[in-house]
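In numbering that gives the first Met the number 0, the protein residues as written are 0 to 339. A virtual CB, placed ideally from N, CA and C, is assigned to each residue, including glycine.
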Amino acid sequence: MIPAARSPNRADLDGSGWADPHPPRRLGFAVKIAGRPDLKDHDSRRWQNGPHLRVSLHYLDQIFAYLAEHGIRMYRISSDIAPYITHPDLPQFHQQIEECRDALTALGERARALNLRLSMHPAQHIVLNSPTERVAAASMSDLAYHARFLDALSADANAKIVTHTGGVYGDRAAAADRFVRHYESLPSAVQRRLVLENDETSWSVEEVLRIHERTGIPLVFDTLHHAVNNPSRIAVHDAFRLCLATWPAEHVPKIHFSTQRREHREISRQDPNTGIRAGVRVPAKPGQHDDWIDGNEFIAFLEGAGDARFDVMLEAKQKQLALFRLRDDLLAAGRSGDIW
DNA sequence: CGATGTCAAGGAATC
DNA sequence: GATTCCTTGACATCG
């Protein structure tokens, strides 16, 4: 771990005229803090026990303190932060954002003071292009909750909600049409925040680019998904540049970066016959996230990125510990002036 | 206290 | 048509 005090000082790397202690590109991580069970990311109690956003916000405040301590300026908030807020059968949970207005305002101010870029990534059940009307409608209301939450923080325009296109359902053209149609029917509060990520099975960079062309939705380039789902063989930096170009000039684009797991790993599995739980070694399947970020791979990616402005959300099992280790690698390679 | 079952929600691959 | 995986933990209950 590198304490914030050890982060190297640099001058005016972004041309702003200010001697910023940090380089312009931000490194972030998602939701959970590894090795710190005391730092929870949301109130996960069952509905019978009355979980509440105000408890989650207390947790988030402690996470912000951790981020400040370590000079981390990018973080993905748990989509479960407001428990059951869109559950159709539990209306008593639906007003949590209003009930926490003051705490949300205060946390938003804190995030701004930390120059913290926030984001959210709704769970896999949120499928905007579902042919099931009920699922699509529930997805739209869930996206609206995410937007209300970020708005209640007064988060800036770079605080995005990241989604995938959804399923294919045996008819790709119809599935894309449904995404476009449902996107266009979203309130502008959601449209302002929503960005689209290439996925690992169904919607490659080439395909999300077509959706961008029809909707204007900005694209988050995911390096690992591109590595495993790239049917038209677009070179990685070409795909990267195409996605970056989908962002309006006044916003800072971002990408997802992760290293693919290569080794076998040991998992705990229960034998269906004996019921005995034991460690089993299984080979890594394509597309799985590694515990860490490969520093050489990351630096090679930066070399090809030129002077483009963008932020990087790291997706590694070891979470912020992977970020710290990558910082060490960047420092050793003399590249910490680019990104921190 | 340790072990075990459960958790709001979808889609796709496999058989 | 039904099952399992994605992915993983943490909560909740039971013995």
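Inter-residue spacing [alpha-carbon to alpha-carbon] between residue i and residue j
i	j	result
Leu195	Ala244	13 Å
Leu66	Arg72	7 Å
Ser187	Leu193	10 Å
Thr273	Pro285	Note that Thr273 scores 44 on pLDDT, short of 50, meaning its location in the model is unreliable; the coordinates nonetheless yield the value given after this. One C-alpha to the other measures close to 30 Å.
Gln269	Asp60	Bear in mind that the predicted position of Gln269 carries a pLDDT of just 46, short of 50, making it unreliable; the figure below should be weighed with that in mind. Rounded to whole angstroms, Gln269 to Asp60 spans 38 Å at the Cα level.
Val167	Ser201	7 Å
Asp170	Leu127	15 Å
Tyr144	Ile84	8 Å
Glu306	Asp221	Residue identity differs from the one stated: residue 306 is Asp in this sequence, not Glu. Distance between the alpha carbons of Asp306 and Asp221 is about 19 Å.
Ala226	Phe256	11 Å
His250	Ala110	18 Å
Ser335	His21	9 Å
His288	Phe300	17 Å
Lys39	Gln317	15 Å
His41	Ser55	4 Å
Ile275	Ala81	Residue placement at Ile275 cannot be trusted, given a pLDDT of 46 that sits under 50; the coordinates are not used to answer.
Arg53	Ala64	17 Å
Asp290	His181	36 Å
Leu313	Glu98	33 Å
Pro121	Tyr74	14 Å
CA nearest to the CA of residue i, picked from the options
i	options	result
Gly165	Gly336, Ala156, Pro130, Lys159	Pro130
Gly107	Ala135, Pro82, Ser153	Ser153
Val161	Met119, Asp88, Leu185, Ser184	Met119
Phe92	Asn48, His21, Asp221	Asn48
His86	Val134, Ala33, Gly294, Glu98	Val134
Asn114	Ile96, Ile80, Arg25	Arg25
Lys253	Ser231, Pro217, Pro22	Pro217
Ala321	Phe239, Pro22, Ala29	Ala29
Val207	Ser184, Ser231, Val189	Ser231
Phe148	Asp101, His124, Glu132	Asp101
Leu142	Ala234, Glu199, Asp79, Ala112	Asp79
Arg35	His51, Ser43, Ile62	Ile62
Residue i, enclosing beta strand (DSSP E) - first and last residue
i	result
Tyr168	No beta strand (DSSP E) holds Tyr168; DSSP gives it neither H nor E.
Arg116	116 to 119
His86	First-last for His86: undefined, no H or E at that position.
Glu196	193 to 196
Span of the alpha helix (DSSP H) around residue i
i	result
Ala137	132 to 151
Lys39	Taken as a continuous stretch (DSSP letters only), Lys39 belongs to no alpha helix (DSSP H), as it is neither H nor E.
Arg213	204 to 214
Phe323	318 to 331
Arg45	Note, Arg45: premise wrong, no alpha helix (DSSP H); not H, not E.
His225	222 to 227
Val235	235 to 243
Residue i, buried or exposed, once every other Cβ within 10 Å from all chains shown has been counted against 16
i	result
Gly215	exposed
Gln319	buried
Trp46	exposed
Leu89	exposed
Ser138	buried
Gln95	buried
Leu329	buried
Asn197	buried
Thr104	exposed
Asp327	exposed
Ile338	buried
His163	buried
Quick check: the segment 250 to 263 against the segment 175 to 182, are at least 3 beta-carbon pairs closer than 8 Å? no
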